[in-house]
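Notes follow once the structure below has been shown.
Number of protein chains: 2
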Amino acid sequence: MNREEPVNSDAFENFGNSDELVELGQQLRVDSVRAAAAAGSGHPTSSMSAADLMAVLLARYFRYDFDRPDHPGNDRFVLSKGHASPLLYAAYKAAGAIDDEELLTFRKLGSRLEGHPTPQRLPWVETATGSLGQGLPIGVGIALAGKRLDHSDSRVWVLCGDSEMAEGSIWEAADAAGFERLDNLTVIVDVNRLGQRGPTRYGHDLDVYARRFRAFGWHAVEVDGHDVDAVDRAYDEAVSTTGQPTAIIARTLKGKGVKGVEDHEGLHGKPLKDADEAIEELGGVRDLRVQVQEPPSARSLRAVGDGSLELPRWDEGEKVATRDAYGQALAALGAARGDVVALDGEVGDSTRSEFFGKEHPERYFECYIAEQQMVATAVGFARLGWTPYASTFAAFFTRAFDFVRMAAVSGAGINLNGSHAGVSIGQDGPSQMGLEDLATMRTVHDSTVLYPSDANSTAKLVAAMADLDGIRYLRTSRGESPVIYGPDEEFPVGGSKVLRSSDGDRLTIVAAGVTLHEALAAADALGREGVPVRVIDLYSVKPVDQATLREAAEDTGCLLTVEDHREEGGIGDAVLEAFLDGRPVPRLARLAVRTMPGSASPEEQLHAAGIDAETIAASARLLVEEGVAP
Amino acid sequence: MNREEPVNSDAFENFGNSDELVELGQQLRVDSVRAAAAAGSGHPTSSMSAADLMAVLLARYFRYDFDRPDHPGNDRFVLSKGHASPLLYAAYKAAGAIDDEELLTFRKLGSRLEGHPTPQRLPWVETATGSLGQGLPIGVGIALAGKRLDHSDSRVWVLCGDSEMAEGSIWEAADAAGFERLDNLTVIVDVNRLGQRGPTRYGHDLDVYARRFRAFGWHAVEVDGHDVDAVDRAYDEAVSTTGQPTAIIARTLKGKGVKGVEDHEGLHGKPLKDADEAIEELGGVRDLRVQVQEPPSARSLRAVGDGSLELPRWDEGEKVATRDAYGQALAALGAARGDVVALDGEVGDSTRSEFFGKEHPERYFECYIAEQQMVATAVGFARLGWTPYASTFAAFFTRAFDFVRMAAVSGAGINLNGSHAGVSIGQDGPSQMGLEDLATMRTVHDSTVLYPSDANSTAKLVAAMADLDGIRYLRTSRGESPVIYGPDEEFPVGGSKVLRSSDGDRLTIVAAGVTLHEALAAADALGREGVPVRVIDLYSVKPVDQATLREAAEDTGCLLTVEDHREEGGIGDAVLEAFLDGRPVPRLARLAVRTMPGSASPEEQLHAAGIDAETIAASARLLVEEGVAP
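Protein chains in written order, with the working numbering: chain A, 1 to 630; chain B, 1 to 630.
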């Protein structure tokens with residue numbers, strides 16, 4: 001809470017009758033207009049369409065303790081149409097959570113009231129929105145956690161725009177919610193018929209949306225979104241519906257209440273021209289206060305593990321795929337920690353997350369082939385304090401990249417595991433090869449990117465990532481590779497391992513994952529030829545071990561990076577971070593996947609891409625002898 | 001065609017009765033089993049479920065000239081469930097397009113028959129699949145081009161799996177197709193009830209899928225996918241339905257025809273254990289040949305422009321946003337070239353693609369807020385020879401990144417324009433800021449990434465990108481910036497411009513877009529202090545102008561990159577490509593967006609992120625005087 005002074009509870013209205021609700025709706029409109037006017041930008045008309053929907057929800061149905069945003073009994077509200085933030089902030093003011101002075105800081109430098117709301121700034125915001133089509137999927141994740149993990153009675157309310165119904169992610173979410181029978185979830189669709197640049201596909205045809213939600217297993221109600229009694233009945237119907245989520249399809253007018261803008265095109269995302277006149281037309285500034293219902297008392301029923309983590313252990317020389325180590329380590333982590341949950345995009349037999357599923361079925365979530373919803377569910381789980389691990393092929397996280405990007409805006413703590421990295425998967429071909437994942441995950445704000453090359457290091461990193469902040473990405477491989485570390489070796493995030501080293505090293509090879517083993521073979525061959533080279537296992541791609549790379553640069557003068565990934569944005573670029581302080585940079589060369597692979601065996605793929613031991617050795621010779629790169 | 005010998009047309013069957021169709025289905029199964037057995041991997045059971053559906057289509061409905069894959073009258077077939085490639089190749093063999101010897105090269109190094117089909121290898125494949133949920137969207141794009149651009153009578157057939165119905169992109173596509181009334185489109189859903197790791201959400205409940213397609217405006221037919229007569233009737237219904245696309249929801253069994261695998265779990269993506277026995281159970285190897293119907297004669301009715309390109313021109317010193325220049329240049333390009341089409345994700349008033357829409361409404365496609373479908377539509381258009389430009393906010397291309405990745409696998413030539421790049425958009429906040437786009441687009445295979453900083457260079461690049469190969473990405477900015485180049489200046493892709501230069505330059509600042517103007521201001525301030533620095537406009541981020549960067553490195557010894565983008569994968573990493581030949585690397589330093597921005601004015605954002613003129617000048621001083629980076 002950021003109340004300037006103790007709120008006088010006498011100021012709170014009862015909202016027992018429709019007139020009071022109408023007044024509250026008008027206040028939310030007025031405050032939306034005022035906030036946007038003060039900012040000189042923002043989306044008041046998109047706020048005005050949903051003001052009555054918000055008023056009835058806030059005064060009659062929403063159960064929330066603004067002093068305790070983490071109260072386990074709290075309902076959760078998600079503003080999927082994030083651009084209608086003035087409405088959200090106007091509601092916060094009506095609830096006494098912020099004061100009028102703060103309301104008018106909207107969109108200003110340093111304000112908590114951003115153009116699109118984020119939980120990094122405001123504790124009552126469940127997730128960052130503003131990329132349309134994400135609020136409902138994340139709301140589904142929260143509702144799923146409430147129902148299947150927390151077994152709570154709290155409800156999830158999501159306010160969507162009609163424009164975002166065109167996003168596939170909405171129907172991915174609708175599918176998941178219908179299938180999971182999430183009767184703790186209500187979506188309110190504010191059908192104001194106008195998008196940013198003009199009418200939506202279906203205008204005020206409410207039935208189109210209702211039919212679709214019904215086809216996806218939902219209960220659907222059509223309603224006049226400006227008739228507070230009808231809205232009240234619709235909410236009542238939503239909370240009394242069991243076995244199905246409810247969609248309330250509300251007919252509204254954009255800019256409702258001000259004739260000059262109401263239902264007019266071309267006014268999206270613009271403050272009202274004459275705010276004072278509009279406020280007068282809306283009946284002037286009010287200061288109604290809503291006593292939001294207290295949440296029912298509830299306890300967090302978090303399952304606890306036995307607390308002692310016993311990671312799987314492998315002997316050096318065993319041949320184990322890092323994806324197998326991932327699955328086993330995750331299962332072990334799940335035994336030790338009751339907060340760990342696993343999700344998979346219908347490839348758990350490939351990513352090996354099914355190992356977790358077999359041991360902890362109540363905390364394993366089959367998300368089917370719906371990567372966006374999988375990541376959204378993970379974000380929802382994280383919001384409720386769970387520690388999710390979501391797995392699919394590295395290639396298929398590209399499908400959910402906007403969700404990963406927005407999770408970073410939310411500051412959500414989620415673990416992502418991308419398996420089947422690189423050309424070394426073999427015959428399945430480029431559609432299944434994660435070749436862009438290091439680049440995409442590295443560019444995410446405050447992310448961690450890990451890429452182990454053996455089973456023991458994988459297990460250690462699976463455990464370590466659980467307690468980091470932000471987006472944590474672990475890249476695993478399909479094929480088996482030899483265990484090269486003992487089970488007691490430690491792998492701090494941000495570290496690396498120097499695996500071959502001598503005083504006379506003439507070059508440093510930096511690699512990770514499958515190419516590390518190729519690099520070791522190359523180094524051994526070069527050593528036999530009298531060309532000693534250093535080899536670094538860069539298992540922590542972000543953050544990168546700057547000290548070790550600098551030392552190698554000083555000692556050997558030249559770094560050759562080798563990666564089963566595109567040449568842009570991966571390990572080759574990551575090593576550069578050690579040399580951005582203006583001081584001398586070593587000579588650099590890079591081996592990466594520059595071709596479009598086809599089907600072939602893993603060995604053929606590594607050779608064709610020029611990242612196998614033979615090519616590494618040949619490149620190293622060139623660099624050492626001729627001073628030029630391949 | 002790759003026929004080893006002229007095909008004897010006597011060998012072709014008539015397929016006038018059901019028994020022959022049943023035989024053909026069995027042949028497709030046998031050949032799928034044989035191909036996977038020869039490869040030792042692949043997805044025969046997923047092929048066997050759809051074999052009868054394919055047999056009836058090929059023998060009775062599909063109109064195609066395998067000698068002329070670009071025949072304008074050709075029907076188009078898209079295998080959305082790309083892992084069922086053995087079935088596709090078995091069908092090619094039955095059609096006489098490949099021979100049995102080639103069939104058995106499946107998944108081998110150098111074979112055209114990849115694990116998942118791609119048009120880069122086979123001329124009859126319309127688009128690369130293998131990332132589920134993409135075939136239907138791209139099929140919708142092809143059908144839309146056929147109907148609205150080519151006005152052809154050809155039909156588009158898409159074979160989907162039931163697992164991929166969980167992907168939101170399927171419903172994004174269904175929405176677009178239903179709304180556009182694409183009655184030239186038929187989707188066949190092979191409901192074999194089993195995904196990779198187990199049952200799908202809805203098993204054999206065909207009605208779930210039919211209800212959904214109907215809710216999205218489709219005609220839907222439920223059918224036994226192993227009853228060739230019923231399938232025949234369903235196809236007949238599809239081709240005679242007008243005003244709506246048709247979905248054929250077919251109940252099938254995975255592994256159909258071989259008792260040991262039929263409808264069994266745990267056999268996805270695995271060759272049959274005893275192929276010989278299975279082939280015997282399926283009635284043995286056959287060599288039926290299908291005389292696929294010739295396409296109706298048709299001409300390509302490509303609209304032609306007037307041929308003379310008159311790009312808009314601006315005077316130096318004018319203040320123009322590069323997004324405005326993009327819109328105007330695109331409209332001019334559309335006047336000169338009839339093959340240019342524009343698509344937008346319901347933000348055409350922001351990206352300015354609406355300028356094109358106003359002048360060429362018949363070639364402007366409003367895709368609504370459905371970025372995946374927008375990119376898929378562009379891929380479909382490109383397949384039919386059109387030159388698409390798809391625009392949305394740079395941030396929202398992250399939603400479609402898997403489609404961009406797969407478009408590169410297809411070798412599709414598409415132009416993408418991402419507007420509202422970086423923190424400099426101001427108040428709208430991080431959800432709307434393109435901060436990861438350079439990294440994601442650079443890592444795409446064979447992509448081109450352009451980032452102009454003034455209106456005239458934008459116009460030239462808009463025209464230049466039309467004729468490049470692969471994915472071409474243009475980044476534009478929201479705010480106005482001064483025109484710094486004359487309208488006759490040329491901007492070759494892969495080039496750069498040196499805007500400040502002297503013999504005594506002590507540092508080179510490399511920038512593009514909004515930071516270029518900040519860099520120029522910093523350079524001028526430094527010059528007044530007696531610290532001459534070079535400034536390079538890196539408008540071509542990929543490919544990068546290696547020669548100019550190397551010369552700058554030799555002359556000044558140190559490069560400072562400045563970008564309105566995350567520090568990973570953008571301009572800072574791009575310059576490194578000039579120094580990967582093993583020769584000495586200059587000192588490097590980097591200014592980029594390292595914080596999570598909130599709402600603030602554009603100027604405040606640039607300052608807070610440390611990429612404004614003041615910070616650039618301060619950093620340059622440190623580098624020049626102290627030799628250390630900020």
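Virtual Cβ for every residue (Gly too), placed ideally from N, Cα, C.
On a predicted model such as this, the values are computed, not experimentally measured, just so you know.
| Check | Outcome |
| --- | --- |
| Minimum Cβ-Cβ distance from residue 390(B) to chain A less than 8 Å | no |
| Any beta strand (DSSP E) of 3 or more consecutive residues that is wholly inside the region 528 to 599 of chain A | 534 to 537, 540 to 542, 558 to 566 and 587 to 593 |
| Rounded C-alpha distance that separates residue 182(A) from residue 161(B) | 26 Å |
| Pairwise C-alpha distance: residue 445(A) and residue 405(A) | 8 Å |
| Sequence ranges, alpha helix (DSSP H) only - wholly within the region 96 to 141 of chain B, length at least 4 | 100 to 103 |
| Any chain A beta carbon closer than 8 Å to residue 256(B) | no |
| Any chain B beta carbon closer than 8 Å to residue 558(A) | yes |
| Proximal residues to residue 429(B) (C-beta, below 8 Å), its chain only, five neighbours per side dropped | 597, 598 and 599 |
| Residue-level contact to chain A via CB, residue 2(B), 8 Å cutoff | With a pLDDT of 39 at residue 2(B), under the threshold of 50, the modelled position of this residue cannot be trusted; read the value that follows with caution. Closer than 8 Å: no. |
| Inter-residue Cα distance where the pair is residue 26(A) and residue 136(A) | 26 Å |
| Residue 157(B), DSSP secondary structure in three states | strand |
| Sequence-distant residues of its chain with Cβ nearer than 7 Å to residue 480(B) (five each side left out) | 319, 320 and 321 |
| Three-state secondary structure (DSSP) of residue 482(B) | strand |
| Proximal chain A residues relative to residue 171(B), where beta-carbon distance stays under 7 Å | 168 and 171 |
| Among 231(A), 95(A), 244(A) and 105(A), nearest to residue 290(A) - alpha-carbon criterion | 95(A) |
| At least 3 beta-carbon pairs within less than 8 Å: the region 420 to 439 of chain B vs the region 602 to 612 of chain B | yes |
| Buried or exposed (CB count within 10 angstroms, at least 16 for buried), residue 575(A) | buried |
| Residues near residue 5(B) by beta carbon distance below 6 Å, same chain, minus five either side | A caution first: residue 5(B) carries a pLDDT of 42, below 50, which makes its placement in the model too unreliable to give a value. |
| Nearest candidate by alpha-carbon position, reference residue 20(A), set 60(A), 158(A), 490(A) and 33(A) | 60(A) |
| Whether residue 64(A) touches residue 75(A) by CB criterion (8 Å) | yes |
| Whole-number beta carbon distance between residue 132(A) and residue 111(A), since they are thought to touch under 8 Å | About 23 Å separates the two Cβ atoms, so there is no contact after all. |
| Cβ-based contacts, 7 Å cut-off: residues of the region 527 to 541 of chain A near chain B | none |
| Alpha-carbon spacing of residue 581(B) relative to residue 629(A), whole angstroms | 4 Å |
| Identity of the residues DSSP links to residue 77(A) by a beta bridge | 157(A) |
| Coil, strand or helix - residue 391(A) by DSSP | strand |
| DSSP state of residue 513(B) mapped onto helix, strand, coil | coil |
| Strand pairing of residue 366(B), partner residues [DSSP] | 344(B) |
| Any chain B beta carbon closer than 8 Å to residue 60(A) | no |
| Selection from 81(A), 284(A) and 105(A) that minimises the alpha carbon distance to residue 427(B) | 105(A) |
| 8 Å Cβ cutoff met for residue 522(B) and residue 509(B) | yes |
| Chain B within 8 Å of residue 221(A), Cβ atoms only | no |
| Proximal chain A residues relative to residue 589(B), where beta-carbon distance stays under 9 Å | 580, 581 and 582 |
| Cβ of residue 602(B) within 8 Å of any chain A Cβ | no |
| Same chain, Cβ closer than 8 Å to residue 265(B), five either side skipped, listed in chain order | 194, 198 and 199 |
| Secondary structure of residue 264(A), DSSP reduced to three states | coil |
| Beta strand (DSSP E) runs wholly inside the region 438 to 509 of chain B, at least 3 long, in chain order | 448 to 450, 471 to 475, 480 to 482 and 497 to 500 |
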